[in-house]
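K.L.:
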Amino acid sequence: MTKAEVITKISDKTGIQKDDVTQTIEAFFKVVKDSMSEGENIYVRGFGSFINKKRAKKIARNISKNTAIVIDEHYVPAFKPSKVFIDKIKNSQRVKEVALQD
82 MTKAEVITKI
92 SDKTGIQKDD
102 VTQTIEAFFK
112 VVKDSMSEGE
122 NIYVRGFGSF
132 INKKRAKKIA
142 RNISKNTAIV
152 IDEHYVPAFK
162 PSKVFIDKIK
172 NSQRVKEVAL
182 QD
């Protein structure tokens with residue numbers, strides 16, 4: 082599902098104009114990105130957490146040149162779904178049907 086499809090679905094379910102839903106969704110993503118870039122994690126009860134995950138310093142290899150490079154400690158954004166969210170997916174009959182088709 083694309084962002085446009087999500088916007089359409091929210092607009093249909095709530096009766097709010099698509100332009101207003103688009104502005105709200107864009108504002109939400111901006112707040113998430115800005116907050117996480119400032120080191121804050123975001124917790125949405127019943128949905129999950131947007132967190133900054135720490136990656137340790139490591140030595141990697143450039144196999145084409147056969148040299149070692151150092152990758153410094155850094156942070157990457159991650160999403161951790163809540164238990165409620167995980168349980169909903171685990172118990173979803175539709176997800177099970179799609180998985181069987183693959």
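Per the numbering used here, the sequence shown starts with residue 82, numbered consecutively. Yeah, the Cβ is synthetic: ideal placement off N, Cα and C, and Gly gets one too.
By the 10 Å Cβ neighbour count, where 16 or more other Cβ atoms means buried, how is residue 102 classified, buried or exposed?
P.N.:
Translated into the one-based positions of the sequence shown, residue 102 becomes position 21. Residue 102 comes out buried.
K.L.:
Report the residue from 139, 138, 166 and 148 whose alpha carbon sits nearest the alpha carbon of residue 127.
P.N.:
Here residue 127 refers to the residue found at position 46 of the sequence shown. The option with the nearest alpha carbon to residue 127 is 166.
K.L.:
Going by beta carbon distance, what residues of the same chain come within less than 6 Å of residue 162, once the five residues before and after it are set aside?
P.N.:
One-based indexing of the sequence shown puts residue 162 at position 81. Same-chain partners within the cutoff: 129.
K.L.:
In angstroms, rounded to a whole number, what distance separates the CA positions of residue 136 and residue 158?
P.N.:
Sequence index remark: in the sequence shown, residue 136 carries index 55 (1-based). Sequence index remark: in the sequence shown, residue 158 carries index 77 (1-based). If I take the Cα positions, the gap works out to 11 Å.
K.L.:
Count the other CB atoms, across all protein chains shown, that sit within 10 Å of the CB of residue 152; report buried if there are 16 or more and exposed otherwise.
P.N.:
As a working note, residue 152 is residue 71 in the sequence shown. So residue 152 counts as exposed.
K.L.:
Rounded C-beta distance between residue 122 and residue 132? I'm assuming under 8 Å.
P.N.:
The residue you call residue 122 lines up with position 41 of the sequence shown. The residue you call residue 132 lines up with position 51 of the sequence shown. Confirmed, about 5 Å.
K.L.:
Roughly how many angstroms lie between the CA atoms of residue 104 and residue 92, to the nearest whole one?
P.N.:
Looking up residue 104 in the sequence shown gives position 23. Looking up residue 92 in the sequence shown gives position 11. Each residue's Cα considered, the two are about 12 Å apart.
K.L.:
I'd like to confirm the pairing. Which residues does DSSP put opposite residue 139 in its beta bridges?
P.N.:
As a first step, residue 139 is located in the sequence shown; it is residue number 58 there, counting from the start. Answer by DSSP bridge pairing, in chain order: 152.
K.L.:
Can you tell me where the beta strand (DSSP E) holding residue 106 begins and where it ends?
P.N.:
To locate residue 106, count along the sequence shown from 1; it is residue 25. Residue 106 -> not in any beta strand (DSSP E); alpha helix (DSSP H) instead, spanning 99 to 118.
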